[in-house]
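Asker: Let me begin by handing over the structure; questions about it come next.
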Amino acid sequence: MAATDHATRERAGLISARLDRLPTTRYIWKLVLLLSLGGCFEFYDLFLMTYIGPGLIRSGLFAGASVSFFGMTGLASFVAATFAGLFIGTLVFGFTADRFGRRAIFTFSLLWYTAGSIVMACQMTTHGILLWRLVAGIGIGVELVTIDTYIAELMPKEIRGRAFAVNQVVQFTAIPVVALVAWLLVPHRPLGIDGWRWVVLIGSVSAIFVWIIRRGIPESPRWLIARGYLREAEGAVAEMEARVASESGGDLPPISANVIASAPVGGAVSFVGIFQPPYRGRTLMLTVFQLAQTIGYYGFSSWVPTLLIAAGIRTTASLEYSFVIAIFAPVGPLLVQGIADRFERKWQIVWSAICIGGFGLLFARQHAPAWLIVLGVLLTCSNNWMSVAFHAYQAELFPTRVRAQAVGFVYSWSRFSAIFTSLMIGFFLSNFGVRGVFAFIATAMLTVVLAIGVFGPRTRGLALESISG
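Just so you know, we're using the numbering used here here: the sequence shown kicks off at 31 and counts up by one.
Okay, structure coming up:
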């Protein structure tokens, strides 16, 4: 019986090794593109809260600053509702991708958020908007966790970092798109309908593409192995090998026996395992990291127009400058492609955090539009560099059978943090100005540097099975 179990694990390890040795061809990058397009719609919806804020305020549905810390009529409550939904989606429903498969949940969560966004755009009360923003946020949270686990499991080990960089380039292109749409529509009322509602509805067209995207993506062979479906996993890898061999025009690289790591097959999914050695330290480290990194990331990106207004820029110009800054959102991941697999991801996270803290403190001291734009661009690129690195990093540190749940758990703390971050940014902005906001952000980035720099394990160039032990 033990010999049979060992042979099964070796068979599973061989399937993973076959996947890891695939050369990068047009087919491999097509898989990354299709998954990224699904996330592109989520990013549009996630970041629209940054750019429709002035429209929500002008419509009288929200105020620019909260009357009290937990006020429900301030713009911060809209941001908080978004992240409350993301928190629920990642923490409560992260298990669904482990239970029902990456492919099925990728599709379902995309449709969920689309429906929630459409209903939200039709709401006429503050509380109605907050409720449906929370509902849409749940779908976004599940989708982004699923995409991270999907890419980590499908991509050969030597290009995981580059794959996440490409993924982020595609997803971040949604930011200048929503910034442009908001710039053109938010100040106006086309057909007598508030411009911010048009911005939300335009982003909901993803339902049209969802089935097209889904048909081009195979189920994760690693997930199939973890569920005990070895024959289906071998079939999925064989199909990928045939596609890659056809495009490369030659034989696939041989598999070295010393790179085959045995992998657990089937069995019950034990979520509590991430709170036991060797994963307990990783779980705690990433939880602290996620609580802190959100302050830097969304503390700036979700408040760009409002921070510019606080710096003395008029409302219309703030949207224009925000659009210019947003154009550079894909630039950070694009530049990172060249180094994504060249040095350890933990150090990429550390250096990007240092850049965020430094550029933020400089941004807080500026009033000239040119310097605000330049430093805003540098902050955006640094934030997105960190995003590339940590999305890959957190997906690498846990075993396949609980990867989505584990990523969902640690990622949920960034969403939990963001609920209060939005309220705290509003509080600091009202009481201490732009400088107070960025002092708060710099402190959070110091926490990131210590958590990842001291406790983060190495992952570069290693098979997922080796990293997870």
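From the three backbone atoms N, C-alpha and C, an ideal C-beta is built for every residue, glycine too.
Under 8 Å by Cβ, that's how I've got ALA419 and SER382 pegged, so tell me the actual separation to the nearest angstrom.
Answerer: In the sequence shown, residue 419 corresponds to position 389, counting from 1. In the sequence shown, residue 382 corresponds to position 352, counting from 1. Right, the Cβ-Cβ distance comes to about 7 Å (below 8 Å), so this counts as a contact.
Asker: Taking the beta carbon of HIS421 as the centre, do at least 16 other beta carbons fall within 10 Å, making it buried, or is it exposed?
Answerer: Your numbering for residue 421 matches position 391 in the sequence shown. It counts as buried.
Asker: If we call anything under 8 Å between Cβ atoms a contact, is LEU86 one with LEU105?
Answerer: Locating residue 86 in the sequence shown gives position 56, where the first residue counts as 1. Locating residue 105 in the sequence shown gives position 75, where the first residue counts as 1. Yes, the pair counts as a contact, with Cβ atoms nearer than the cut-off.
Asker: If you draw a straight line from the alpha carbon of LEU364 to that of LEU64, how long is it in whole angstroms?
Answerer: Here residue 364 corresponds to residue number 334 of the sequence shown, with the count starting at 1. Here residue 64 corresponds to residue number 34 of the sequence shown, with the count starting at 1. Rounded to whole angstroms, LEU364 to LEU64 spans 17 Å at the Cα level.
Asker: Helix, strand or coil, according to DSSP, for PRO84 in the structure here?
Answerer: Within the sequence shown, the letter at position 54 stands for residue 84. DSSP places PRO84 in helix when its eight states are reduced to three.
Asker: Quick check: what's the CA-CA separation for PHE389 versus ALA263?
Answerer: Taking the sequence shown and counting its residues from 1, one reaches residue 389 at position 359. Taking the sequence shown and counting its residues from 1, one reaches residue 263 at position 233. If you take the alpha carbons of PHE389 and ALA263, they lie about 47 Å apart.
Asker: For LEU121, would you say it is in contact with chain D, using Cβ-to-Cβ distances shorter than 8 Å as the test?
Answerer: Protein chain content of the structure displayed is limited to a single chain, and chain D is not contained in it.
Asker: Terminal residues of the continuous alpha helix (DSSP H) containing ARG163?
Answerer: Against the sequence shown, residue 163 aligns to sequence position 133. Taken as a continuous stretch (DSSP letters only), the alpha helix (DSSP H) holding ARG163 covers 156 to 184.
Asker: Got a sec? Which residues, its chain only, sit under 6 Å from GLY101 by beta carbon, not counting five neighbours each side?
Answerer: Along the sequence shown, read from residue 1 onward, the residue named residue 101 stands at position 71. Confidence is the limiting factor: at GLY101 the pLDDT is only 48, short of 50, which leaves the residue's position unreliable, though a coordinate-based value still follows. Cβ within range, chain order: n/a, list empty.
Asker: So what does DSSP say about GLY258, is it helix, strand or coil?
Answerer: Position 228 of the sequence shown holds residue 258. Correct three-state label for GLY258: coil.
Asker: In whole angstroms, give me the CA-to-CA distance for GLN435 and PRO220.
Answerer: Walking along the sequence shown from the start, residue 435 turns up at place 405. Walking along the sequence shown from the start, residue 220 turns up at place 190. Using only the alpha carbons, I get a separation of about 43 Å.
Asker: May I ask you to report which of helix, strand or coil DSSP gives PHE485?
Answerer: Here residue 485 refers to the residue found at position 455 of the sequence shown. Helix, per DSSP.
Asker: Using the three-state DSSP reduction, which class does PHE100 fall into: helix, strand or coil?
Answerer: As a working note, residue 100 is residue 70 in the sequence shown. In this prediction, PHE100 scores a pLDDT of 43, lower than 50, which makes its location untrustworthy; the coordinate-derived value is nonetheless stated afterwards. If DSSP states are grouped into helix, strand and coil, PHE100 belongs with coil.
Asker: Considering only residues of the same chain and omitting the five flanking positions on each side of SER98, which have a CB-CB separation below 7 Å?
Answerer: In the sequence shown, residue 98 corresponds to position 68, counting from 1. Because SER98 sits at a pLDDT of 42, beneath the cut-off of 50, its placement in the model cannot be relied upon, and the point is left open.
Asker: Rounded to whole angstroms, what's the CA-CA distance from ALA425 to ALA398? Just pull it up for me.
Answerer: Translated into the one-based positions of the sequence shown, residue 425 becomes position 395. Translated into the one-based positions of the sequence shown, residue 398 becomes position 368. C-alpha separation (whole angstroms): 41 Å.
Asker: Cutting at 6 Å between CB atoms, please list the residues of its own chain near GLU183, excluding the five before and the five after it.
Answerer: To locate residue 183, count along the sequence shown from 1; it is residue 153. Taken in chain order, the residues that qualify are SER250 and ARG252.
Asker: Going straight from the alpha carbon of ALA114 to that of TRP162, what length do you get?
Answerer: In the sequence shown, the residue the question calls residue 114 occupies position 84. In the sequence shown, the residue the question calls residue 162 occupies position 132. Approximately 11 Å between the Cα atoms of the pair.
Asker: Do ASN197 and GLY69 have their CB atoms nearer than 8 Å?
Answerer: Mapped onto the sequence shown, residue 197 falls at position 167. Mapped onto the sequence shown, residue 69 falls at position 39. Result yes, Cβ atoms of ASN197 and GLY69 sit closer than 8 Å.
Asker: Given this structure, state the Cα-to-Cα distance separating GLY491 from THR112, to the nearest angstrom.
Answerer: Counting from 1 along the sequence shown, the entry for residue 491 is found at position 461. Counting from 1 along the sequence shown, the entry for residue 112 is found at position 82. Approximately 36 Å, taken between the alpha carbons.
Asker: Quick check: the Cα distance between PHE4 and LEU76, rounded to an integer number of angstroms?
Answerer: Given that the chain is displayed from residue 31 to residue 499, the structure contains no residue 4 and the question cannot be resolved.
Asker: Ignoring anything shorter than 4 residues, give me the alpha helix (DSSP H) runs that lie fully in the segment 208 to 242, in order along the chain.
Answerer: 225 to 232, all fully within the segment 208 to 242.
Asker: Looking at the structure shown, is ALA359 part of a helix, part of a strand, or coil, going by DSSP?
Answerer: Numbered from 1 along the sequence shown, position 329 holds the residue referred to as residue 359. Residue state, collapsed to three classes: coil.
Asker: Let's test the definition: count the other Cβ atoms within 10 Å of the Cβ of ALA481 and tell me whether it reaches 16, buried, or not, exposed.
Answerer: The count along the sequence shown starts at 1 and reaches residue 481 at position 451. Buried: at least 16 other Cβ atoms inside 10 Å.
Asker: Does DSSP classify ILE497 as helix, strand or coil?
Answerer: Position 467 of the sequence shown, counted from the start, is the residue given in the question as residue 497. Residue state, collapsed to three classes: helix.
Asker: Just to confirm before moving on: does the CB-CB distance between GLY387 and MET475 stay below 8 Å?
Answerer: Counted from its first residue, the sequence shown places residue 387 at position 357. Counted from its first residue, the sequence shown places residue 475 at position 445. Cβ atoms of GLY387 and MET475: closer than 8 Å.
Asker: Give the straight-line distance between the Cα atoms of GLY368 and ARG192, rounded to the nearest whole angstrom.
Answerer: To locate residue 368, count along the sequence shown from 1; it is residue 338. To locate residue 192, count along the sequence shown from 1; it is residue 162. About 8 Å.
Asker: Hey, out of ARG56, PHE136, ALA37 and ILE181, whose CA is closest to ARG273's CA?
Answerer: Locating residue 273 in the sequence shown gives position 243, where the first residue counts as 1. Nearest of ARG56, PHE136, ALA37 and ILE181 to ARG273, Cα basis: ARG56.
Asker: Is it the case that the Cβ atoms of THR324 and SER444 are separated by a distance below 8 Å?
Answerer: The residue you call residue 324 lines up with position 294 of the sequence shown. The residue you call residue 444 lines up with position 414 of the sequence shown. A contact, by the Cβ cut-off of 8 Å.
Asker: Distance check for GLY246 and SER96, CA to CA, integer angstroms please.
Answerer: Here residue 96 refers to the residue found at position 66 of the sequence shown. Here residue 246 refers to the residue found at position 216 of the sequence shown. Confidence in SER96 is poor, its pLDDT being 47 and thus under 50, which makes the residue's placement too unreliable to answer from.
Asker: For TYR441 versus VAL122, is the C-beta distance shorter than 8 Å?
Answerer: The residue you call residue 441 lines up with position 411 of the sequence shown. The residue you call residue 122 lines up with position 92 of the sequence shown. No, the pair does not count as a contact, with Cβ atoms beyond the cut-off.
Asker: What is the rounded straight-line gap between the Cα of TYR259 and the Cα of VAL267?
Answerer: Position 229 of the sequence shown, counting from 1, holds the residue named residue 259. Position 237 of the sequence shown, counting from 1, holds the residue named residue 267. Rounded to the nearest angstrom, the two C-alpha atoms are 12 Å apart.
Asker: Are the CB atoms of PHE194 and ALA42 within a distance shorter than 8 Å?
Answerer: Here residue 42 refers to the residue found at position 12 when the sequence shown is read from its first residue. Here residue 194 refers to the residue found at position 164 when the sequence shown is read from its first residue. No, Cβ-Cβ distance for ALA42 and PHE194 is not below 8 Å.
Asker: If you draw a straight line from the alpha carbon of TRP213 to that of ARG39, how long is it in whole angstroms?
Answerer: What you label residue 213 is simply residue 183 of the sequence shown in a count that begins at 1. What you label residue 39 is simply residue 9 of the sequence shown in a count that begins at 1. C-alpha separation (whole angstroms): 55 Å.
Asker: What does the Cβ neighbour count give for CYS385, buried or exposed, with the cut at 16 atoms within 10 Å?
Answerer: Working through the sequence shown from its first residue, we reach residue 385 at position 355. Buried, by the Cβ-count rule.
Asker: Taking the straight line between their C-alpha atoms, what separation do you get for MET31 and ALA256?
Answerer: Residue numbering aside, residue 31 sits at position 1 when the sequence shown is read from its first letter. Residue numbering aside, residue 256 sits at position 226 when the sequence shown is read from its first letter. The pLDDT assigned to MET31 is 42, lower than 50, so where the model puts this residue is not dependable; a value taken from the coordinates is nonetheless given after this. Near 19 Å, if we compare the C-alpha coordinates of ALA256 and MET31.
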